[in-house]
Amino acid sequence: MSPPTPDELTVAARRALAVHRLHGLTVPNLAQFPAGYLWDTAVIVKGLAVHDPERAAQEILRFLQTQWRSGMLPNEIYFERSRRRELFLGREGETPPGITTSGITQPPLLVRAAFEVGRRLPPERRQAFLATVFPALERLCRWAVTTRVGRNGLA
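Numbering of the sequence shown is given in this note's numbering, commencing with residue 1 and proceeding in unit increments.
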């Protein structure tokens with residue numbers, strides 16, 4: 001059996017991205033990981049933007065809906081209420097209504113991803129997208145700098 005061609009790999013990759021959709025996000029695996037994950041989303045949207053920058057932009061906007069009032073962006077998000085999950089993860093007062101999140105984060109890779117996605121959008125759409133995401137990304141960065149940076153760097 002010969003290895004797949006680049007075109008066959010592209011078709012298979014697009015199929016995988018289409019199948020693993022949940023609540024407006026592409027997730028790693030619907031069966032094992034039925035949630036949105038911060039780092040995964042940052043990487044996935046950069047790949048999506050190559051062939052569908054609008055979908056990539058929408059996924060970033062969707063993830064930003066989970067931002068806490070403090071500016072923190074959780075590393076794990078669920079759009080379905082689950083009492084068991086809330087007991088395990090906790091129900092933080094800063095979490096947007098109807099969303100369950102972890103109480104931890106990861107470095108803000110989504111900032112770079114948003115600018116890369118914006119670069120691939122048509123010029124008439126780019127400005128509106130960046131104007132929409134910038135305030136949330138700025139809040140995330142301010143939160144990280146004020147709460148996570150110590151003498152030894154980013155914690």
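The beta-carbon is built from N, C-alpha and C at its ideal position, and this holds for glycine as well.
Cβ separation of residue i and residue j, assumed to be a contact under 8 Å, to the nearest whole Å
| i | j | result |
| --- | --- | --- |
| residue 60 | residue 117 | 6 Å |
Buried/exposed call for residue i, threshold 16 Cβ in 10 Å
| i | result |
| --- | --- |
| residue 26 | buried |
| residue 166 | Missing from the structure shown is residue 166; the chain here goes from 1 to 155 and no further. |
| residue 72 | buried |
| residue 149 | exposed |
| residue 144 | buried |
Beta carbon of residue i nearer than 9 Å to that of residue j
| i | j | result |
| --- | --- | --- |
| residue 45 | residue 35 | no |
| residue 121 | residue 54 | yes |
| residue 38 | residue 76 | yes |
Pick from the options that is closest to residue i, judged by C-alpha positions
| i | options | result |
| --- | --- | --- |
| residue 114 | 6, 19, 18 and 135 | 135 |
| residue 99 | 41, 23, 144 and 125 | 23 |
| residue 129 | 144, 58 and 6 | 58 |
| residue 137 | 97, 101 and 74 | 74 |
Checklist entry - So does the segment 64-80 actually touch the segment 47-55, counting three or more Cβ pairs closer than 8 Å? => result At 8 Å Cβ cutoff, the stretches do not touch.
Checklist entry - Do the segment 100-111 and the segment 25-34 touch if we need at least three Cβ pairs shorter than 8 Å? => result The segment 100-111 is not in contact with the segment 25-34.
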